[in-house]
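A.B. asks: Here you go, one structure.
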């Protein structure tokens, strides 16, 4: 597939590197020559282009019109919209724009932008806030995601010293797993593995588990995690993610946003919900946190643009006794370190944007995709087609790639966990965990 990426910022660079491993024809354009220098590395199959993605002449010269997917992810929303409109007029098959205005995602607006040649829009900050708000409903998890319209849940949970799973081989849990939950991967320090029957679960491992909504509390108890009820939240930073998160939290929760910039505080106070209080100050100030009731707060969210400050602030909140913390970490190199430090839940906009875009690259019927911020791997929600390889044998005889495993499936509205005897059928929906599996291999199995 020929993919044209406009904007070599953090999101564009991450996408280009990610997609170059998939044998796609990647063109990466940016006005700043320094931003595309990395593309000259021998290991990367990326064509760097210095140019303005809002220029018809420069887009045409770079071949944007022949792209099968045109992705505009510059920091400027207006530039992304214009770039997609121009690329579509030049002949690009499909266009996607990164935006930062939630109004554009309303049904009437989507129709309007579709008519202008913009096929899809990605708002990473909104997706991030949805993930944070969902995670606060299960504060004992490291990450939470719901698939099959809420009928199957995927949770990442740390194994505590009190967990009855600690020290057990997976083969010892087989009967338990088949009835209640299924462990699809284990994250130990900086390594993520798809486990076999002889693998042992250790204290401080993070397990990625699929289960039904009615068994979530069972998973919590087996992992040795305490139940936490969130009703008071403190957010450090008045960013777009912070504002969108506050809007999505229940109206009976107490929410406080601490922001250093006084002028931003004034603007925020005019638009937030009634349950949200804006405080001028530094969210790392212990005296301020104590005066605002940090001791009675169940969740602390560090959502500034500074990864280092967010990491320090969440560690500080943990020291002050806050049971749940979330940090926005934009430096991908920090994610493994932050997990090992026990910082809490991690939010990365690059991974979120990649998840939203990745599903457009697989030539299979895919409903959703998510790149995990805990460990490594992608979670895909796929629709099984008639005659695909996945339907030919029971799971144990399929000889799936070692980097691919199935977590659960839905048939006729009923959700079941996957075991070795499971035989998938056409029209099933299946949850797939992929550990850097090339898209070509996924398409061989499901295409």
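Residue numbers (the numbering used here): 1086 to 1532.
No residue lacks a Cβ here, since even glycine has one placed at the ideal position from N, Cα and C.
#1: According to DSSP, simplified to helix, strand and coil, what is residue 1334?
#2: For the stretch 1376-1446, list the alpha helix (DSSP H) runs that are entirely contained and at least 4 residues long, ordered along the chain.
#3: Quick one: any contact between the stretch 1296-1305 and the stretch 1314-1331, if contact means 3 or more CB pairs under 8 Å?
#4: Take the Cβ of residue 1479 as the centre, count every other Cβ of all protein chains shown within 10 Å, and call the residue buried at 16 or more, exposed below.
#5: Do the stretch 1383-1394 and the stretch 1206-1226 meet, that is, are 3 or more Cβ pairs less than 8 Å apart?
#6: Considering just the uninterrupted stretch of the alpha helix (DSSP H) at residue 1146, what are its terminal residues?
#7: Determine the closest residue to residue 1098 out of 1086, 1106, 1087 and 1123, with distance taken between C-alpha atoms.
#8: Using a Cβ-Cβ cut-off of 7 Å (strictly less than) and excluding sequence neighbours within five positions of residue 1408, which residues of its own chain qualify?
#9: In this structure, how does DSSP classify residue 1470 when only helix, strand and coil are distinguished?
#10: DSSP on residue 1534, reduced to helix/strand/coil?
#11: So what's residue 1228 in DSSP terms, helix, strand or just coil?
#12: Can you say whether residue 1494 is buried or exposed, counting buried as having 16 or more other CB atoms within 10 angstroms of its CB?
#13: Tell me, please, whether the stretch 1172-1182 touches the stretch 1135-1154 by the rule of three or more beta-carbon pairs shorter than 8 Å.
#14: Tell me the DSSP bridge mates of residue 1091?
#15: Say whether the stretch 1088-1095 touches the stretch 1148-1168, bearing in mind that this needs 3 or more beta-carbon pairs closer than 8 Å, one atom from each stretch.
#16: Could you spell out the range, first to last residue, of the alpha helix (DSSP H) harbouring residue 1529?
#17: Determine the contact status of residue 1107 and residue 1524, defining contact as a CB-CB distance below 8 Å.
#18: Straight-line CA distance for residue 1094 to residue 1180?
#19: For residue 1415, which residues of its own chain have a beta-carbon under 6 Å away from its beta-carbon, when the five flanking residues on both sides are left out?
C.D. replies: Taking the definition as stated:
#1: Residue 1334: coil per DSSP, three-state reduction.
#2: Runs of the alpha helix (DSSP H) lying entirely within the stretch 1376-1446 and spanning at least 4 residues, in chain order: 1392-1404, 1420-1425 and 1434-1443.
#3: No: fewer than three Cβ pairs fall under 8 Å.
#4: By the neighbour-count criterion, in which 16 or more other beta carbons inside 10 Å mark a residue as buried, residue 1479 falls on the exposed side.
#5: Yes, the stretch 1383-1394 is in contact with the stretch 1206-1226.
#6: Residues 1141-1147.
#7: The residue with the shortest Cα to Cα distance from residue 1098 is 1123.
#8: Excluding residues up to 5 positions away in sequence, 1224, 1313 and 1383 lie with their Cβ nearer than 7 Å to the Cβ of residue 1408 in the same chain.
#9: If DSSP states are grouped into helix, strand and coil, residue 1470 belongs with coil.
#10: Nothing can be reported for residue 1534, as the shown portion of the chain is limited to 1086 through 1532.
#11: Note: residue 1228 maps to strand in three-state DSSP.
#12: Label assigned to residue 1494: buried.
#13: Contact between the stretch 1172-1182 and the stretch 1135-1154 is present, because at least three Cβ pairs lie under 8 Å.
#14: Looking at the DSSP assignment, residue 1091 forms a beta bridge with 1114 and 1157.
#15: Under the Cβ criterion (8 Å, minimum of three pairs), the stretch 1088-1095 counts as touching the stretch 1148-1168.
#16: First-last of the alpha helix (DSSP H) with residue 1529: 1524-1531.
#17: Contact: yes.
#18: Residue 1094 and residue 1180 have their C-alpha atoms spaced approximately 18 Å apart.
#19: Cβ within range, chain order: 1392.
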